[in-house]
Structure formats: structure tokens, C-alpha cells
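Here the protein sequences line up with chains A and B, keeping their order. Here this note's numbering is used: the first residue of the first sequence is 83, the next is one more, and so on. Here this note's numbering is used: the first residue of the second sequence is -11, the next is one more, and so on. Glycine included, each C-beta is placed from N, C-alpha and C at the ideal position. As C-alpha cells, the structure follows; a few thoughts come after it.
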Amino acid sequence: DQQVKQNSPSLSVQEGRISILNCDYTNSMFDYFLWYKKYPAEGPTFLISISSIKDKNEDGRFTVFLNKSAKHLSLHIVPSQPGDSAVYFCAARSNYGGSQGNLIFGKGTKLSVKP
Amino acid sequence: EAGVTQSPTHLIKTRGQQATLRCSPISGHTSVYWYQQALGLGLQFLLWYDEGEERNRGNFPPRFSGRQFPNYSSELNVNALELEDSALYLCASSLSGHRGEQYFGPGTRLTVT
């Protein structure tokens, strides 16, 4: 049972345009959401996060939107750059029950930004 | 500021052997997390240590174990290695408990032959 889903395995975008990466979740007890970027042979790099009490968080070119009613979040990258090409993971955290402490990850979306 | 470090980078073992992986957290972080990323799968939570104690573990058999030392570094041990244990093992650290973001190390690639 996948609690965090990234339904698009890949996304290709032209340099300078907007990249939108999507993530759906099923567990209403998640209270914190994060996005990570991962290059091959490296560990994930933290990008941006959002608490469940907010609906938007912005950091430079990266903005995360949270729609709790739809159990959906998205990461917007504007403008996209070739260096953004990587696998992006959505992750969620619950502080209740047996899931305390750990992050639950989606399977990732591979973003390719073409010059 | 130094990030999370892991050693070794690569580890090759044969089936039935034991593997030991090491992790040093970011200075000031007291929580250490271990994740497994097997081929074609997402990151799966293994273990969480905080202040020297195991706080939570994922759905993995008991042959996956570890510990956290007084300096907050951590060790992951995998006993009786099986072929399907071949994966990238990632360590992450955060401020105490479950607050804050988790910052990942580069990982240890374990290959079981």
C-alpha cells in the first residue's frame, strides 16, 4: 500500500519554462511534506518543505503547494534550468503511531530540462 | 559545515556474510536514520536512532540492526546477507527527535554476490 505516490515517472521540460512535479498521498495523519532532489550516485538533497497548516511555501525558484482536501502537493520550479535535471522525490512524515520519525517517500519523478 | 558522511562508499560481500555500514551525522544533529533504496524501489525506512536509543524501525527482519554511539555516529549491521540485500543504503540526520528536515549522506552501495 503506497501512501505517497508520484504517478509520473518522468517529465521533460524546456529550459526557462515551468516544471511542475506532482505528488499524492493517502494518509491524513501526515503533518509535514518535503521534496528532495537526487543525482545518480549521490544521496538525496533537501529542497523545500511545507507544514500541513500551510498551503504554500516558496524558496527562490522553488514553490511547493499543498492541497489537503485533495491530498495533493506539487513542486513548481520556475524558471527551469538544465542543472535541475535529476530525480525528484516527494516525502511525507507522520508523528503518530508507528510512523514516528521516518519519512515515507514516493518512487520519484525524473526531470529532464532541455537547453 | 560538513554534511552527513558514510563509509564505505562501496561494499561487496558474499551471501551469508555480515556487513557493517557507518554514518556520521551533521554536527549538532542527534537523530540518525537509515534507509534502503533497492533497484527500482523508492527509499524504504529502516531504523531511527535518537540520543543513543532505537526509536523506530521499519518493516525489515531482525538481521538488520544497528546502534548509535555517544558521539551520535551510527552503525548499521546486516547479518546473514541475502542477494536481495543488494541496495544503496542511505543515512540521514536531523535535529533531535522528529523535528526538522532530514539531511542525507552519499550512501553506501552494498553488493551481495
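Quick check on P122/A: buried or exposed, where buried means 16 or more other Cβ atoms within 10 Å of its Cβ?
exposed
Is it true that the CB of Y77/B sits closer than 8 Å to the CB of Q24/B?
yes
Which residues, taken in chain order from the segment 97 to 116 of chain A, show a beta carbon closer than 8 Å to some beta carbon of chain B?
L116
Which residues in the same chain have their Cβ closer than 7 Å to the Cβ of I102/A, if we skip the five residues on either side of it in sequence?
S156, H158
Where N59/B falls, given that 16 or more other Cβ within 10 Å makes a residue buried:
exposed
Taking Cβ to Cβ, would you say R3/B is nearer than 8 Å to L69/B?
yes
In angstroms, rounded to a whole number, what distance separates the CA positions of S162/A and G93/B?
26 Å
I need the straight-line Cα distance from D73/B to A26/B, nearest angstrom please.
8 Å
When you compare each of T101/B, S81/B, T96/B, V100/B to V(-8)/B by their alpha carbons, which one comes out closest?
S81/B
Taking K196/A as the reference, give the member of I100/A, Q84/A, K136/A, N89/A with the closest Cα.
I100/A
Return no unless some Cβ of chain B is closer than 8 Å to the Cβ of N184/A.
yes
Note the first and the last residue of the continuous beta strand (DSSP E) segment covering K119/A.
112 to 120
Leaving out five residues before and five after T101/B in sequence, what residues of the same chain have Cβ atoms less than 6 Å from its Cβ?
T2
Cβ-Cβ separation, T108/A to Q88/A (assumed contact under 8 Å), whole Å:
Actually they are not in contact, since the Cβ atoms of Q88/A and T108/A sit about 13 Å apart, beyond 8 Å.
Relative to the C-alpha of R51/B, which candidate in Q5/B, T18/B, T(-3)/B has its C-alpha closest?
Q5/B
Return the residue from the list A168/A, N184/A, S176/A that minimises the CA-CA distance to Y118/A.
A168/A
Within 8 Å, strictly: CB atoms of Y37/B and S62/B
yes
Could you tell me which chain A residues have their CB closer than 7 Å to the CB of G95/B, listed as they occur along the chain?
G125
Assumed close pair G30/B, G190/A - CB separation to whole angstroms, cut-off 8 Å:
7 Å
Per-residue contacts from F57/B into chain A (C-beta, under 7 Å)
Under the 7 Å cutoff, chain A gives no residues; its nearest Cβ is about 19 Å from F57/B.
What does F48/B reach in chain A if we use C-beta pairs closer than 9 Å?
Within chain A, no residue comes near F48/B; the closest Cβ sits about 12 Å away, beyond 9 Å.
For chain B, is any of its Cβ atoms less than 8 Å away from the one on G188/A?
yes
What are the start and end residues of each continuous alpha helix (DSSP H) run of 4 or more residues lying completely inside the segment 26 to 62 of chain B, in chain order?
none
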